[in-house]
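Q: Shown below is the structure under consideration.
Protein chains: 2
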Amino acid sequence: MTESAALFQRQAENSSIFTKVQTRRGFEYIYEQVRNAVAEGQLKPGDRLPAEREMAQIFGIARQSVREALRALEASGLVESRLGVTGGVFIRTGDPTVVSRAITDLASLGALSHASVLEARIILTSDIIRMACERATEEDFQKLDDDITFTEQQSKTEAGLERTAQIMEFYHILASATHNEVLVMLTDSLSQIVHLRLNRAGPKPSKDIAKVRRRILNHLRARDADKAIAEITRHLKRLEKVLVEAEKAKELELAASS
Amino acid sequence: MTESAALFQRQAENSSIFTKVQTRRGFEYIYEQVRNAVAEGQLKPGDRLPAEREMAQIFGIARQSVREALRALEASGLVESRLGVTGGVFIRTGDPTVVSRAITDLASLGALSHASVLEARIILTSDIIRMACERATEEDFQKLDDDITFTEQQSKTEAGLERTAQIMEFYHILASATHNEVLVMLTDSLSQIVHLRLNRAGPKPSKDIAKVRRRILNHLRARDADKAIAEITRHLKRLEKVLVEAEKAKELELAASS
DNA sequence: TGCGATCAATGGTCAAAACATTCGGCCCAC
DNA sequence: GTGGGCCGAATGTTTTGACCATTGATCGCA
Chain A
1 MTESAALFQR QAENSSIFTK VQTRRGFEYI YEQVRNAVAE GQLKPGDRLP AEREMAQIFG
61 IARQSVREAL RALEASGLVE SRLGVTGGVF IRTGDPTVVS RAITDLASLG ALSHASVLEA
121 RIILTSDIIR MACERATEED FQKLDDDITF TEQQSKTEAG LERTAQIMEF YHILASATHN
181 EVLVMLTDSL SQIVHLRLNR AGPKPSKDIA KVRRRILNHL RARDADKAIA EITRHLKRLE
241 KVLVEAEKAK ELELAASS
Chain B
1 MTESAALFQR QAENSSIFTK VQTRRGFEYI YEQVRNAVAE GQLKPGDRLP AEREMAQIFG
61 IARQSVREAL RALEASGLVE SRLGVTGGVF IRTGDPTVVS RAITDLASLG ALSHASVLEA
121 RIILTSDIIR MACERATEED FQKLDDDITF TEQQSKTEAG LERTAQIMEF YHILASATHN
181 EVLVMLTDSL SQIVHLRLNR AGPKPSKDIA KVRRRILNHL RARDADKAIA EITRHLKRLE
241 KVLVEAEKAK ELELAASS
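Protein chains in written order, with my numbering: chain A, 1 to 258; chain B, 1 to 258.
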């Protein structure tokens, strides 16, 4: 590349005068317009978009391109399609699992180190415990109690995927005690990453999970945040260690078989 | 609906024996297989998927359906398509903006209350400041310093969208001082929501933003986390108040014009 | 009145063709 | 020999048109 070409490239990337030449694909216009309309409040959950054939005409593009836009919007959790004469494309109510999925994907792609996730999880959980110690009602505690009891019962029977999913439920309930949707969502997202790793590396459920949780719950009921945080931190770090070992073992196993 | 029909519906929804009858659309198989392959580590960033025409044959579905799957994967930030003979569909490296976008969408859809976002933001920022006070290097501080200087200069000239985007940069740099990707990502996501609201309700940039930030930076350099947290908390709460008022004014304005 | 058949609107799928982009390689002129 | 233009192959992009499948409303008949 010549020097001037390099210059132009830098300009194209950085300057506001030269914008990068990028062929916008047809469906991107629809995607953007719908997304903006939602952001502006012009489209609200429950609202219906025009029929596919109609949108194709309105935007002046082929129906297939409209459908590609709809698939992108659907993957973003913004719309859903329903069949039949009363069907159509509707704006969805917000779905937090989209965020969990996105974060999990990031982890799958290796963009989030295990260390960062662990650290963030400890910090977030600590905050949540602190808030829960202030705000949680006896009803919140009772939900945690019931969940632990259920975990105890379930640990006696064999279980795979449902089991690890249930294990994550504890953190969801704990976060819910803060009555803050954002914190619940973030907690679920980070839990989800661990959930996936547990299923991959082979779940070796520790038997004393219920015991640890009972101790934490007791600290919570005593409104002793520091002790609860210490307990959960130790637990999370130990879990990470177990996970790393299981993953290492799995890797060796794979290397041996290939 | 008869009683037995209702029973079957409940069973179909809750039981693991009866699974809900749902017509899986063709593209969903591809979407899922690619996503699983990424989660399992069989597909890594840079890897190339078969050509569209080829995938259509492999999976036994029409090419258009393959494309719909690709659009969904693309919206999820997992793949990107490149044109030309050396093009194709490639697994992307993880892109944190997908998460920001998802969280912003949730807010747009009304699934996240402003109060929750504010509270979560204060908590998260406080944690970050605490960590930054422990870990930040002089280089990190210098970056913040430069950013504040830039903000000062920019505040003299008029600016719209770029301006508010630049205002958010401060939090990004601050979070980066923790050297934890997850915290950076979460910070960006919550900032993004406020960024959007600022642009909608009309940015009325307060002139003393730079002053507040200078004070915070001084506290950071003094490794005085508590004072920095107090300062940023006050600022964020004040910003929220201003935002709510601006939104209320905007709403009245709209009501009057219609 | 009830109920089954039919119809219409909608999303889901398929097929075929043409278009646009990119890059490697070939060939020609200098 | 070398530079530059032309061409072709592989790939994603877009269009057109047709048909299928689902769902609810409507009509007609008993």
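By construction, the Cβ of each residue, glycine as well, lies at the ideal position given by its N, Cα and C atoms. It should be emphasised that the depicted structure is a prediction, and the values quoted were computed from it without experimental measurement.
Please determine, among A:I122, A:A165 and A:Q33, the residue with the shortest C-alpha to C-alpha distance to A:E240.
A: A:I122
Q: Find the nearest neighbour of A:I209 within the set A:F150, A:L183, A:S100 and A:S76, judged by alpha-carbon distance.
A: A:F150
Q: When you compare the CB positions of B:I173 and B:K143, do they come within less than 7 Å of one another, or not?
A: yes
Q: Since A:G46 is in the alpha helix (DSSP H), which residue starts that stretch and which ends it?
A: That residue, A:G46, is in no alpha helix (DSSP H); it is neither H nor E in DSSP.
Q: Does chain B have any CB closer than 7 Å to the CB of A:Q11?
A: Below a pLDDT of 50, predicted positions are generally treated as unreliable, and A:Q11, at 36, falls in that range; the measurement from the model is reported next regardless. By this cut-off, A:Q11 is not an interface position.
Q: Hey, B:I128 and B:A165: beta-carbon distance below 7 Å or not?
A: Result no, Cβ atoms of B:I128 and B:A165 do not sit closer than 7 Å.
Q: By the 7 Å beta-carbon criterion, what residues does the region 218 to 232 of chain A contribute toward chain B?
A: none
Q: Which term fits B:V89, buried or exposed, when burial requires 16 or more other beta carbons within 10 angstroms of its beta carbon?
A: Taking a 10 Å sphere around the C-beta of B:V89, we find 16 or more other C-beta atoms and assign the residue as buried.
Q: By how many angstroms is the C-alpha of A:T86 removed from the C-alpha of A:L112?
A: 43 Å
Q: For the alpha helix (DSSP H) containing B:S116, name the first residue and the last one.
A: H114 to R135
Q: By the DSSP assignment, the beta strand (DSSP E) with B:V89 in it spans what residues?
A: G88 to I91
Q: Grouping DSSP H, G and I as helix and E and B as strand, with all else coil, what is A:V79?
A: strand
Q: Enumerate in chain order the residues of its own chain whose CB-to-CB distance from A:I193 is below 6 Å, with the five nearest sequence positions on each side excluded.
A: Cβ contact annotation for A:I193 (same chain, cutoff 6 Å, sequence separation greater than five): T104, A107 and V117, in chain order.
Q: Listed from N- to C-terminal order along the chain, which residues in the region 107 to 127 of chain B have their beta-carbon within a distance smaller than 7 Å of any beta-carbon of chain A?
A: The region 107 to 127 of chain B vs chain A, Cβ under 7 Å: S108, L109, G110, A111, L112, S113, S116, V117, E119, A120, I123 and D127.
Q: Could you give the distance in angstroms between the alpha-carbon of B:H179 and the alpha-carbon of B:A246?
A: 35 Å
Q: Ignoring anything shorter than 4 residues or poking outside the region 172 to 243 of chain A, list the alpha helix (DSSP H) runs there in chain order.
A: Within the region 172 to 243 of chain A, complete alpha helix (DSSP H) segments of at least 4 residues are found at 181 to 201 and 209 to 221, given in chain order.
Q: Considering only C-alpha positions, which residue in the set B:K237, B:A39, B:D95 and B:R82 is nearest to B:H114?
A: B:K237
Q: Who are the neighbours of A:R71 on chain B, taking C-beta pairs under 8 Å?
A: F27, E68, A69, R71, A72 and A75
Q: Just the Cα atoms here: how many angstroms apart are B:P45 and A:E253?
A: 24 Å
Q: Kindly indicate which residue of B:H235, B:R200 and B:N199 has the alpha-carbon position closest to the one of B:R213.
A: B:H235
Q: Closer than 8 Å between beta carbons: that is the criterion. Which residues of the region 166 to 181 of chain B meet it against chain A?
A: N180 and E181
Q: Does the separation of the CB atoms of B:V183 and A:A120 fall below 7 Å?
A: It is Leu, not Val, that sits at residue 183 of chain B in the sequence shown. Taking 7 Å as the Cβ cut-off, B:L183 and A:A120 qualify as a contacting pair.
Q: Can you tell me the Cα-Cα spacing of B:I17 and B:Y29, whole angstroms?
A: With a pLDDT of only 37 at B:I17, under the threshold of 50, the placement of this residue in the model should not be trusted, and no figure is reported.
Q: Quick check on DSSP: helix, strand or coil for B:G94?
A: coil
Q: Between B:G26 and A:A56, what straight-line distance do the alpha-carbon atoms span, to the nearest angstrom?
A: Cα to Cα, the separation comes out at about 22 Å.
Q: Counting only beta-carbon separations shorter than 7 Å, does B:G87 have a partner in chain A?
A: no
Q: Against A:L78, what residues of chain B qualify as contacts under a CB-to-CB distance less than 7 Å, listed in chain order?
A: Correct list: D105.
Q: Output the distance between the C-alpha atoms of A:K250 and B:Q42, rounded to the nearest integer angstrom.
A: Cα-Cα distance, rounded: 14 Å.
Q: Using three-state DSSP, classify A:A51 as helix, strand or coil.
A: DSSP places A:A51 in coil when its eight states are reduced to three.
Q: Please classify A:G110: does DSSP put it in a helix, a strand, or coil?
A: coil
Q: Among the residues of its own chain, which have a CB less than 8 Å from the CB of A:V34, if the five just before and after it don't count?
A: L43, L49, A69, L73, L78 and V79
Q: Quick one: does B:A56 have its CB under 7 Å from some CB of chain A?
A: Not one chain A Cβ lies under 7 Å of B:A56.
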